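Under the numbering used here, the letters of the sequence shown match residues 3 to 105, in that order. Every residue gets a Cβ at the ideal spot worked out from N, C-alpha and C, and that includes glycine. On a predicted model such as this, the values are computed, not experimentally measured, just so you know. Below: one structure, written as structure tokens.
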Amino acid sequence: AGCTPDVNEANYDEFSSHFWAALRGKTRMEKGVTGCDYDRDGKVSFEEAHAYAILTSRNIDVPVKTSGAYLRVHGKLRSGEEKSLLGYETPYSELLERARPVE
Numbered sequence: 003a004g005c006t007p008d009v010n011e012a013n014y015d016e017f018s019s020h021f022w023a024a025l026r027g028k029t030r031m032e033k034g035v036t037g038c039d040y041d042r043d044g045k046v047s048f049e050e051a052h053a054y055a056i057l058t059s060r061n062i063d064v065p066v067k068t069s070g071a072y073l074r075v076h077g078k079l080r081s082g083e084e085k086s087l088l089g090y091e092t093p094y095s096e097l098l099e100r101a102r103p104v105e
């Protein structure tokens, strides 16, 4: 985990291969990569490349965003006094409506 055990470069399946492929628009082997521009603004951001790597890698490692790790520890869900926050009972349709394309 973390690196690929495969010595054949065409089979590399670790985070950095997918991340850089999304930013470059092609893999290490020069094969075209599309569908990484989730907000369709004509360019692939680091956040979009990160999302692409998470969605396409078959590796057992799960990349983590520092903001996501922080929120898991310090984030709050809706409570009696915090009506505007999301809760466990929030419908999936509302989550999709509020989410940005890379989320």
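Excluding residues up to 5 positions away in sequence, E50, A53, P103 and V104 lie with their Cβ nearer than 7 Å to the Cβ of Y40 in the same chain. Remark: C-beta atoms of A55 and M31 do not approach each other more closely than 7 Å. Rounded to whole angstroms, the gap between the alpha carbons of T92 and D63 is 29 Å.
Its chain contains Y54 as the residues whose beta carbon lies nearer than 8 Å to that of G37, once the 5 sequence neighbours on both sides are disregarded; these appear in chain order. In the three-state scheme derived from DSSP, where H, G and I count as helix and E and B as strand, G82 is classed as coil.
Using a 10 angstroms sphere on the CB of A24, the tally of other CB atoms reaches 16 or more, which defines it as buried.
Judged by DSSP secondary structure, A55 falls within the alpha helix (DSSP H) whose first and last residues are F48 to T58. In the three-state reduction of the DSSP assignment, G77 falls in the coil class, being assigned neither a helical nor a strand state.
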